[in-house]
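>
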Amino acid sequence: MATIRHEFYETDEILTLSIFDRGADPTQVNVKFEDRKFSYTHGDKSLVLEPLKGQINPSNSTYTVGKVKVEIRLAKVIPGRWGGLIGDSPDPLAKPAPSSSSDTTTRRVQPRKNWDGITTEILSSDKEKTTEEDPNVGGDSTLNSFFQKIYGDADEDTKRAMMKSYSESGGTTLSTNWDEVKKERVEVKPPQGSEWKKWN
Numbered sequence: 190m191a192t193i194r195h196e197f198y199e200t201d202e203i204l205t206l207s208i209f210d211r212g213a214d215p216t217q218v219n220v221k222f223e224d225r226k227f228s229y230t231h232g233d234k235s236l237v238l239e240p241l242k243g244q245i246n247p248s249n250s251t252y253t254v255g256k257v258k259v260e261i262r263l264a265k266v267i268p269g270r271w272g273g274l275i276g277d278s279p280d281p282l283a284k285p286a287p288s289s290s291s292d293t294t295t296r297r298v299q300p301r302k303n304w305d306g307i308t309t310e311i312l313s314s315d316k317e318k319t320t321e322e323d324p325n326v327g328g329d330s331t332l333n334s335f336f337q338k339i340y341g342d343a344d345e346d347t348k349r350a351m352m353k354s355y356s357e358s359g360g361t362t363l364s365t366n367w368d369e370v371k372k373e374r375v376e377v378k379p380p381q382g383s384e385w386k387k388w389n
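Okay, so the sequence shown: first residue is 190 according to my numbering, each after it adds one.
#1: Tell whether a beta-carbon distance below 8 angstroms holds between residue 350 and residue 364.
#2: Assign residue 262 to one of three DSSP states: helix, strand, or coil.
#3: Is it buried or exposed, residue 372, if we count other Cβ atoms within 10 angstroms and call 16 or more buried?
#4: Buried or exposed for residue 250, going by 16 or more other Cβ atoms inside 10 Å?
#5: Near residue 254, what residues of its chain come up, given a Cβ to Cβ distance below 6 angstroms and the 5 sequence neighbours on each side ignored?
#6: In whole angstroms, what separates the C-alpha of residue 291 from that of residue 267?
#7: Nearest-angstrom Cα distance between residue 342 and residue 367?
#8: Could you spell out the range, first to last residue, of the beta strand (DSSP E) harbouring residue 234?
#9: Where does residue 291 fall in DSSP's three states?
#10: With a threshold of 7 angstroms on Cβ separation, who are the neighbours of residue 208 within its own chain once the five nearest residues in sequence on each side are excluded?
#11: Go ahead and pull the three-state DSSP assignment for residue 154.
#12: For residue 274, is the classification buried or exposed, using 16 other Cβ atoms within 10 angstroms of its Cβ as the cut-off for buried?
#13: Find the nearest neighbour of residue 246 within the set 256, 231, 264, judged by alpha-carbon distance.
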């Protein structure tokens, strides 16, 4: 008998096994589910997986025969990821062998997480910073309020210099030095990589 190509993916509750058997006849496909074993036969093709990595529920496990593949859905008894199809991992539902020693094992109790404290810590770290803590916070609105503060606290010569330099340069220069600005027209200085065009 020839072994057949197969692959799987899983969730915590179901392991889905794809058996690539093109044109399988649903009447001749034989699928058998057991607690820790799965077998598939179709003509001379077969696949036996034993022992399965975990225990399955045979009554809730199903399969469908398609044109290209046979899809098997193995219902897990205990939710969780197996990471593989077969393996010698111990069966968690098997009854443990009675121990002859009367030693009691101590179990370390882990402290419970304080989720309220963790939430408060995350929310406090996400709180927005003020402009005193970080001058770059706020973007354009902070920059505009900065210029408004400079303009509002300035004397008449500084205000005049700011207005003249900003309007004559097309918004590319802002100067607070009236002695420099009053002498001549303020030159347009576009940002590096940009070109200034006059629109009439």
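C-beta atoms are modelled at their ideal positions from N, C-alpha and C, and glycine is treated no differently.
So, to answer that:
#1: In terms of Cβ geometry, residue 350 and residue 364 form a close pair [threshold 8 angstroms].
#2: It is a strand residue.
#3: Answer is exposed; the Cβ neighbour count stays below 16.
#4: Flag for residue 250 reads buried.
#5: Around residue 254: 213, 215, 218.
#6: The predicted model places residue 291 with a pLDDT of 49, which falls under 50 and marks its position as unreliable, so this point remains unresolved.
#7: For residue 342 and residue 367, the distance between alpha carbons rounds to 15 angstroms.
#8: For residue 234, the uninterrupted beta strand (DSSP E) run begins and ends at 234-238, by DSSP.
#9: In this prediction, residue 291 scores a pLDDT of 49, lower than 50, which makes its location untrustworthy; the coordinate-derived value is nonetheless stated afterwards. The three-state reading of DSSP puts residue 291 in coil, since its state is none of H, G, I, E or B.
#10: Hits under 7 angstroms: 193, 195, 229, 236, 258, 259, 261.
#11: Because the chain in this structure spans residues 190 to 389, residue 154 falls outside the shown range and cannot be described.
#12: Buried, because 16 or more other Cβ atoms sit within 10 Å of the Cβ of residue 274.
#13: In terms of Cα proximity to residue 246, the closest of 256, 231, 264 is 264.
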